[in-house]
Every structure is written in structure tokens, then in C-alpha cells.
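Heads up, the thing below is written out as C-alpha cells.
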Ligand code: G3P
Ligand code: MG
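Numbering (this note's numbering), first residue to last: 94 to 338.
Shown next, in the form of C-alpha cells:
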């Protein structure tokens with residue numbers, strides 16, 4: 094399995110809260126603050142194309158309506174995914190995953206691809222996201238990290254692209270985390286920063302795994318987490334955490 098490519102500070106949903114979430118302009122905002130790692134969410138359209146979006150429905154972050162998994166690529170591509178955040182972002186589109194990969198590679202940004210399946214599409218989303226990631230990053234010596242709260246999605250991703258590093262997402266890391274790691278061949282764990290303890294962090298690091306946390310915006314808390322052995326802090330404020338990058 095490939096190496097964990099994520100830096101210490103990783104912008105959440107592309108540019109954190111500095112830009113509309115899960116958009117290509119968010120990548121530019123992250124980079125402008127010296128942040129060379131981003132996390133974003135990947136879900137399937139009705140055409141089974143992976144796109145960047147967090148919610149299963151379109152209303153919160155676009156001017157569209159309805160369920161992402163029931164909407165065509167053409168319809169999704171015509172939507173505005175920026176104006177909800179601020180008028181100056183009007184015209185930003187929902188990125189296709191393949192385009193986001195190209196932009197990350199062009200900008201030299203490492204990616205944590207969170208596989209975010211709509212309910213019922215766990216395996217299909219994991220498989221397709223991993224296939225597109227493997228093609229998109231082919232030949233690159235810095236591979237993405239695929240993560241998911243869905244163990245089914247990660248299992249399908251492992252079968253489709255065994256060489257891509259995987260991380261299991263948890264809110265709280267459960268007592269039986271090592272079983273899941275073994276079963277999925279995971280390279281690391283990513284958990285809620287507020288639920289991590291120094292003891293759990295130490296046991297994960299002792300097992301020679303990579304450890305990430307979401308979502309920490311306070312520089313002092315982030316510094317403490319890094320001190321516990323956390324490898325990557327996912328943040329909505331890459332501007333505030335830039336001093337730790
Ligand atoms: O990947 C970490 C984090 O993004 C998980 O939460 O809801 O922001 O996707 P969410
Ligand atoms: Mg996410």
C-alpha cells in the first residue's frame with residue numbers, strides 16, 4: 094500500500110470556511126495559506142459519476158433541489174455551488190472528482206478523498222471512487238488517502254484499488270479499532286478531534302498507523318493534538334493553522 098501523503102494541516106472540504114465547500118476555488122484558497130493538503134467529499138450522481146459534495150441533497154450548497162443520487166451529471170454541472178456562500182463565488186460549479194484530481198495534481202496538493210455514499214450506495218460509491226482515484230493519480234508518487242465512515246465503502250475501495258492507502262473514519266475510535274484496521278488493510282484512522290484522548294492516540298501510533306483528526310480550528314488545540322502524535326489535522330481554518338503547517 095502507498096504512503097500516507099497528507100501534511101500536518103489539511104483544509105476541510107477543499108478550502109475550509111474560506112471558500113464554498115467542495116469547490117475547486119477552495120483548493121486555491123487552501124494553497125494561498127500555504128496549505129498543501131485538502132479533504133473533500135465524494136458522492137455518485139445518478140449517472141454513477143463521482144462528484145464533490147457533502148450532503149445527499151442539493152439544497153444547502155447549491156441552487157438545485159433534490160437528491161444527488163437521482164440527479165444527472167448535466168443537471169449537476171449546470172448548478173451554482175458558490176453563491177450560497179457569498180455573491181463573489183457565484184459561478185462556482187460542483188466539481189467532477191476527475192477534475193478535482195487534475196487540479197490537485199497541477200497545484201501539488203495532497204488529497205484526502207472522503208467517500209461519502211448516499212444510503213444504499215456504499216459499495217458502488219467505494220468501488221467507483223477508488224477506480225477513478227487510481228486512474229487519476231496513476232504514475233504519481235504521492236497517492237491520495239481514501240477514507241470513509243462506511244466500512245462497506247472502504248472494503249469495496251480496497252478491492253478496486255488495493256494500492257491506494259485507506260483510512261477508517263470514526264467519530265470516537267472504538268475499542269475494537271484494530272480488528273477493522275486488519276480487515277480493511279487500513280493505513281490509518283481519522284477521528285473527531287474532540288473525542289480523541291492522548292492514550293488512544295498513543296495506542297494507534299504504537300500500532301504504526303497514521304492518525305488524522307477532524308475538524309479543529311483552534312491553533313492551540315491543534316498544536317496539542319500534534320503533540321499527542323496526530324499526523325494530520327483537518328481544519329476549516331487553514332489560515333489560522335498555517336503556522337503549524
Ligand atoms: O473527513 C473528515 C470529515 O470531513 C468528516 O466529516 O461531515 O465534514 O464529512 P464531514
Ligand atoms: Mg468530509
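Ideal placement from N, C-alpha and C gives every residue a C-beta, glycine not left out.
Quick caveat, the model's predicted, so the values are computed rather than measured.
Counting along the chain, residue 118 sits inside no beta strand (DSSP E); it lies in the alpha helix (DSSP H) bounded by residues 117-125. Residues 289, 291, 294, 295 of the same chain have their beta carbon placed closer than 8 Å to that of residue 321, with the five preceding and five following residues left out of the count. Contact annotation, residue 178 with residue 113: C-beta distance approximately 4 Å; criterion of less than 8 Å satisfied. Relative to ligand 2, the nearest heavy atom lies less than 8 Å away from the CB of residue 134. Counting along the chain, residue 313 sits inside the alpha helix (DSSP H) bounded by residues 312-320. Distances between the C-beta of residue 240 and the heavy atoms of ligand 1 include at least one below 8 Å. Under the three-state reduction of DSSP output, residue 143 falls in the strand class. Per DSSP, the unbroken beta strand (DSSP E) holding residue 203 starts and ends at 203-208. The alpha helix (DSSP H) runs lying completely inside the region 133-181 and spanning 4 residues or more are 166-171, given in chain order.
When the Cα atoms are used, residue 330 and residue 203 turn out to be separated by approximately 17 Å. Rounded to the nearest whole angstrom, the C-alpha separation of residue 142 and residue 191 is 9 Å. Annotation: residue 102 is outside any alpha helix (DSSP H); the continuous beta strand (DSSP E) that includes it extends over 102-104.
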